[in-house]
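Line by line, the protein sequences give chains A and B.
Following the numbering used here, the numbering of the first sequence begins with 1 at its first residue and continues without gaps.
Following the numbering used here, the numbering of the second sequence begins with 566 at its first residue and continues without gaps.
No residue lacks a Cβ here, since even glycine has one placed at the ideal position from N, Cα and C.
To start, the structure itself, in structure tokens.
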Amino acid sequence: MKRFSDLYWKLDGTTSTNQKIEVLKEYFVSAPPEDAACGLRVLCGAKQLRAVSTRSLREWAAEFSELPLWLVEESYAHVGDLAETLALILPDQPTRETSNQNHITEPLPLSRCFEETIRGLKGKPDNHKRQVVEETWKRLTPRERIVWHKLLTGGCRVGVSRSLVARALAEMSGLEPAVLAERMMAATIETAEDFQSLISPKPTSADSLRPYPFFLASPMNSEPQELGSAADWHAEWKWDGMRAQVVRRSAGISIWSRGEERMNDAFPEIVEAAEYLPDGTVLDGELLAAHPNNLLPFSMLSKRASRKRAGKKIRTEIPAVFVAYDLLETQGKDIRQEPLSLRRRKLLTIVPSAFQRQPALSGVAAKLHHNSAENENSDIRMFHSPLVDAHSWDELALARQQARRRGVEGLMLKRITSSYAHGRPRGDWWKWKVEPLEIDAVLHYAQAGHGRRAGLHTDYTLGVWDGNQLVTVAKAYSGLSDKELIEIDKIIRSTTIERHGPVRVVRPTLVFQLAFENVSRSTRHKSGIAVRFPRIARWRRDKLPHEAATLSDLKALLAQATGEQ
Amino acid sequence: MPDLLEITPNGLFCAVGNFYIDPWRPVSHAVITHAHADHARPGSDCYLCAAPGKHVLRTRMGNQALIDTLKYNEHLSINGVDISLHPAGHLLGSSQVRVSYQGTTWVVTGDYKLQNDSTCDCFESVPCDVFVTESTFGLPVYRWPDPETVAQEINAWWRANADSGRTSVLLAYALGKAQRLASLLDPSIGPIYGHGAVMKLVEAYRASGVRLPPINRIPPRSRKIGGGRGIVIAPPSAAATTWINRFGETSIAMVSGWMLLRGVRRRRGIPKGFILSDHVDYPDLMQAVQSSGAQRVLVTHGFTDIVARLLTEQGLEAEVLATRFVGETNPDDSDTDEDASELQAITREPIETDNKDAEAAK
């Protein structure tokens, strides 16, 4: 635990990439392989188990520190990080250096710590958990406790990217970073052997279901004309779903998220559909939620994906489809270096077109493609993403304007000659999103932020007017400069009417221009409307609160966006 | 009977003795706990402070100000009110103000710490009925590490920088913290330099008889200062200006109690922080309250409502004493609060630079 905690704090203490690689290398070289495996999982952001609820943890810490719970809560509100708050309030333990011979606690290696104090707690009664937690507190220094708390509550995120970790492992093992990146995607790294085979020069069994590192598009910030002739580009709709790769090889089928999670159990119908793919095929594309006549909003897909194992009910309620837009491997051969035009031609021979055979998407598909035939065949779960038919940037710009009504986020522009690269190199793939919708909304509630923004009120709940009442439409966290946040924080403090724990109710004085991608009906908010990806476009100092939008303004946007009326 | 001390628009006032303690507007008689700008405001007719703090207060209030002094523990009687000053340990000449009248004793701590500090007298606990305490760091997360250990860490950091030819820059508040820091540095590692704002107060400390290691003014050519082994002490605001670029390659560290929190360090983008404060931490605050023997505690400057609630739960009569200069939990009007500005400099917007000093340093 000490070695990993040191690593955590060293990574925290530097912004230099080279220094990060150095400390990572140092860690992987010096750690026993079983610890390295465990550390790697955490560094790669593998889904973590929440062994103990944060609620219990703060109650136990309060009692252990002989402090009232409310004081622990206040401290947390100030610090903005629970793991750190608790580590700071817990009584000091004799440090290893100062404790005398009799009290020297044996070091707690990361892998054992993980087994005994985190995984071992699963399903155990609370009093057992509490005992283990208290024993562990006694064994760890305050800095180690912070890291351990984060592991324990399943929220340990370290400020390194996977590619950085892959680079460090590559330098250490002498393998190519890309090979490591690919292996890291596929392999589950649990044991010492797993770690050793990850860095071994020999090809491993994990290679067999391995996906490819995703190619990521860059946002378009300039006019498309700057990209040259429109004829050199493919345009597709930018689907509002979850990016995924479908791997079909002799070893089996695997559906991979961008977070490198295997999602076979969450999307069994896609696995079934993939059975029909030829052996040795890897597709890149998007998972979407769709009824035969209607593409469902992202929130539904999100709900669906949150079920680890999709049961029959949810599969009927929220069916999934896979829209393929690239072919990375065919007949067992990696074709990522081939130009997009060729990859797409091959893709079309493998994956059917949705719009000739009328798949699940018919409602939207009809909007997307006027020639689609009416044909009830909802069994098709996998089809290729059509190209947007346009011959000039102007025509594309026109198509893009219709994106919202079609339930997509905008356009994707891909250079016809481009190979399928690794990471986010700029130049060949662009996402050209539709301009956001905007309304002016009023700050209603505010809450202190976390991490970098701890202590500042930066989490805003915004509302629009329904008569004299503000009804909540969105929570927004981003879009303002640090300077504005500080200024707004002061106003929030001086206009607070009520406090409910960390939440402040403020007198309506602040107006923000709220930007969002789309609107849909929702039961979550009182307004009956949910906005997608809300963020603050700017602070409207020039507007008085009563000049902000009303609920009927928002309903009009909804009607427009869904093409109703 | 009304309280012996009460809050008025001008500040904490003793009606019987007709004087204010740390008033925030000009008044006729001002008793000053210490020379930080949120406690000592210019413009009053007459100031009273502890004798060791006279030079420091003079640098802040200007040559025209009338400054009377009392030795620590020396008593003065005004209209039947007994006033005495007692070391608060915050910085040179900082005092707690003891006010006693008709058998009731109040102690106003100003800012204070219980830790040792070779640049000022140590805090003395003064028995009282009503204890008016600051609460800048009044949350249980704030527990200071041993200052000697921190000093060792700072010197080790400095040595490592010096060995690799990088100039070390310590960001610390110009009055009090900077001088305390200087006293903790090991001059055998390399030469020590002070920003103009720091030097003015170093001189006031020296004039008051405080022993400090040699501290140099920053020379015009300051790249690789001291042959790359130098350490510079500068106020936090200097880090936000181009002034800092003159030193070439540097390692910068902030020295402050706020550095205890990772979020604060990260927000300011300062990779290195040393935890050293001239305020009481939570355990010392609790201890100071207890040793005062006071049944009534008024809490000011900082986490006032939290500390007041806690002390109430512990059976004391505790309440918030609202002041204009309030600390972290409500930074309204905190522009002139030096502790709050320090926090702001660390965590939030850059505060205005002391242009004169920046000029002087050029």
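Reference residue 340 of chain A; option with closest CA among A:478, A:434, A:442, A:417: Counting from one through the first sequence, the residue named residue 340 of chain A turns up at place 340. Ranking A:478, A:434, A:442, A:417 by Cα distance to residue 340 of chain A puts A:417 first.
Where does residue 64 of chain A fall in DSSP's three states? As a position in the first sequence, residue 64 of chain A is number 64, starting the count at 1. Helix, per DSSP.
For the putative contact between residue 52 of chain A and residue 152 of chain A, defined by C-beta atoms under 8 Å, what is the C-beta separation to the nearest angstrom? Counted from its first residue, the first sequence places residue 52 of chain A at position 52. Counted from its first residue, the first sequence places residue 152 of chain A at position 152. Contact holds; Cβ gap of about 5 Å.
Select from A:91, A:183, A:62 the residue whose C-alpha is nearest the C-alpha of residue 201 of chain A. Looking up residue 201 of chain A in the first sequence gives position 201. Nearest option by C-alpha distance: A:183.
For the candidate residues B:803, B:691, B:815, B:780, whose alpha-carbon lies nearest to that of residue 789 of chain B? Here residue 789 of chain B corresponds to residue number 224 of the second sequence, with the count starting at 1. Closest option to residue 789 of chain B, Cα to Cα, is B:815.
How would you list, in chain order, the residues of chain B whose beta-carbon sits under 9 Å from the beta-carbon of residue 81 of chain A? On the first sequence, position 81 is the one that residue 81 of chain A refers to. Chain-ordered, the chain B residues with CB closer than 9 Å to the CB of residue 81 of chain A read 826, 827, 828.
Contacts of residue 871 of chain B in chain A (Cβ-Cβ under 8 Å): On the second sequence, residue 871 of chain B is found 306 positions in, with the first residue counted as 1. Within 8 Å Cβ-Cβ: 71, 74.
Who does residue 291 of chain A pair with in a DSSP beta bridge? In the first sequence, the residue the question calls residue 291 of chain A occupies position 291. Answer is A:294, bridged to residue 291 of chain A.
Cα-Cα separation between residue 17 of chain A and residue 654 of chain B, rounded to whole angstroms: Residue mapping note: residue 17 of chain A aligns to position 17 of the first sequence, counting from 1. Residue mapping note: residue 654 of chain B aligns to position 89 of the second sequence, counting from 1. Taking the straight line from one Cα to the other gives about 43 Å.
Residue 685 of chain B - containing beta strand (DSSP E), residue span: Along the second sequence, read from residue 1 onward, the residue named residue 685 of chain B stands at position 120. Taken as a continuous stretch (DSSP letters only), residue 685 of chain B belongs to no beta strand (DSSP E), as it is neither H nor E.
Of all Cβ atoms in chain A, is any one closer than 9 Å to the Cβ of residue 697 of chain B? Taking the first residue of the second sequence as 1, we reach residue 697 of chain B at position 132. It does not; no Cβ of chain A falls within 9 Å.
Shorter than 9 Å from the beta carbon of residue 731 of chain B to some beta carbon of chain A? Here residue 731 of chain B refers to the residue found at position 166 when the second sequence is read from its first residue. No - not a single Cβ of chain A is within 9 Å of the one on residue 731 of chain B.
Could I get the ranges of all uninterrupted alpha helix (DSSP H) runs contained in the segment 1 to 47 of chain A, with 4 residues as the minimum, in chain order? 2 to 12, 17 to 30, 33 to 43
Applying the 10 Å Cβ sphere with the 16-neighbour rule, what's the burial state of residue 80 of chain A? Here residue 80 of chain A corresponds to residue number 80 of the first sequence, with the count starting at 1. Per the 10 Å Cβ criterion, buried.
Residue 68 of chain A touches chain B at which residues, Cβ-Cβ below 7 Å? One-based indexing of the first sequence puts residue 68 of chain A at position 68. Simply 878.
Listed by chain order, chain B residues near residue 253 of chain A by CB distance under 7 Å: Here residue 253 of chain A refers to the residue found at position 253 when the first sequence is read from its first residue. Within chain B, no C-beta atom comes nearer than 7 Å to that of residue 253 of chain A; the closest sits roughly 43 Å away.
Which residue's Cα is closest to the Cα of residue 543 of chain A: A:512, A:530, A:236? By 1-based counting over the first sequence, the position of residue 543 of chain A is 543. Comparing Cα positions, the closest option is A:512.
If we count the other Cβ atoms within 10 Å of its Cβ and call it buried at 16 or more, is residue 604 of chain B buried or exposed? As a working mapping, residue 604 of chain B is identified with position 39 in the second sequence. Residue 604 of chain B should be labelled buried.
So, with DSSP's three-state summary, where would you put residue 628 of chain B? Counting from 1 along the second sequence, the entry for residue 628 of chain B is found at position 63. In this structure, residue 628 of chain B counts as coil in the three-state DSSP scheme.
Grouping DSSP H, G and I as helix and E and B as strand, with all else coil, what is residue 269 of chain A? Position 269 of the first sequence, counting from 1, holds the residue named residue 269 of chain A. In this structure, residue 269 of chain A counts as helix in the three-state DSSP scheme.
So which residues on chain B does residue 567 of chain A lean against when the C-beta distance must stay under 7 Å? Chain A is shown from 1 up to 565; residue 567 of chain A falls before or after that span and cannot be answered.
Starting from the N-terminal side, write out each stretch of the alpha helix (DSSP H) that is 4 residues or longer and does not extend beyond the segment 99 to 183 of chain A. 110 to 117, 126 to 139, 142 to 152, 162 to 173
Which bits of chain A does residue 875 of chain B rub up against, with CB to CB less than 8 Å? Residue mapping note: residue 875 of chain B aligns to position 310 of the second sequence, counting from 1. Those within 8 Å of residue 875 of chain B in chain A are 68, 71.
Mark residue 407 of chain A as exposed unless 16 or more other C-beta atoms lie within 10 angstroms of its C-beta, in which case mark it buried. Counting from one through the first sequence, the residue named residue 407 of chain A turns up at place 407. Residue 407 of chain A comes out buried.
Supposed close pair residue 283 of chain A, residue 320 of chain A - CB separation, criterion 8 Å: Counting from 1 along the first sequence, the entry for residue 283 of chain A is found at position 283. Counting from 1 along the first sequence, the entry for residue 320 of chain A is found at position 320. With a Cβ gap of about 15 Å, residue 283 of chain A and residue 320 of chain A do not count as contacting.
Taking CB distances under 9 Å as the criterion, tell me whether residue 65 of chain A reaches chain B. For the purposes of this step, residue 65 of chain A is identified with residue 65 of the first sequence, where counting begins at 1. Yes, residue 65 of chain A lies at the interface with chain B (some Cβ there is under 9 Å from its Cβ).
Residue 781 of chain B (DSSP reduced to helix, strand or coil): For this step, residue 781 of chain B is matched to residue 216 along the second sequence. Strand, per DSSP.
If we cut at 9 Å on Cβ distances, does residue 453 of chain A have a partner in chain C? The chain inventory of the structure shown lacks chain C, comprising the protein chains A and B.
Assuming residue 646 of chain B contacts residue 672 of chain B under a Cβ cut-off of 8 Å, what Cβ separation, rounded to an integer in Å, is found between them? As a working mapping, residue 646 of chain B is identified with position 81 in the second sequence. As a working mapping, residue 672 of chain B is identified with position 107 in the second sequence. The pair is not a contact, with the Cβ atoms about 14 Å apart (cut-off 8 Å).
Just grab the DSSP bridge partners of residue 242 of chain A for me. Counting from 1 along the first sequence, the entry for residue 242 of chain A is found at position 242. Residue 242 of chain A is bridged to A:287.
What is the DSSP secondary structure of residue 895 of chain B, reduced to helix, strand or coil? Your numbering for residue 895 of chain B matches position 330 in the second sequence. Only weak support is given to the placement of residue 895 of chain B: the predicted model assigns it a pLDDT of 31, under 50, and the value that follows is read from those uncertain coordinates. Here residue 895 of chain B sits in coil by DSSP.
Name the chain B residues that come within less than 9 Å of residue 558 of chain A, Cβ to Cβ? Within the first sequence, numbered from 1, the residue matching residue 558 of chain A stands at position 558. Those do not exist, as residue 558 of chain A stays about 38 Å from chain B at its closest Cβ, beyond 9 Å.
Under the three-state DSSP convention, the category residue 826 of chain B falls into: Here residue 826 of chain B corresponds to residue number 261 of the second sequence, with the count starting at 1. Note: residue 826 of chain B maps to coil in three-state DSSP.
Of all the CB atoms in chain A, is at least one closer than 9 Å to the CB of residue 893 of chain B? Numbered from its first residue, the second sequence carries residue 893 of chain B at position 328. At residue 893 of chain B the pLDDT is 36, less than 50, meaning the model places this residue with poor confidence; the figure from the coordinates comes in the next sentence. At least one chain A Cβ lies under 9 Å of residue 893 of chain B.
Tell me which same chain residues have a C-beta within less than 6 Å of the C-beta of residue 402 of chain A, skipping the five on either side of it? As a first step, residue 402 of chain A is located in the first sequence; it is residue number 402 there, counting from the start. Cβ within range, chain order: n/a, list empty.
Counting only the same chain and skipping the five closest in sequence on each side, list residues whose C-beta sits under 7 Å from that of residue 120 of chain A. Here residue 120 of chain A refers to the residue found at position 120 when the first sequence is read from its first residue. Hits under 7 Å: none found.
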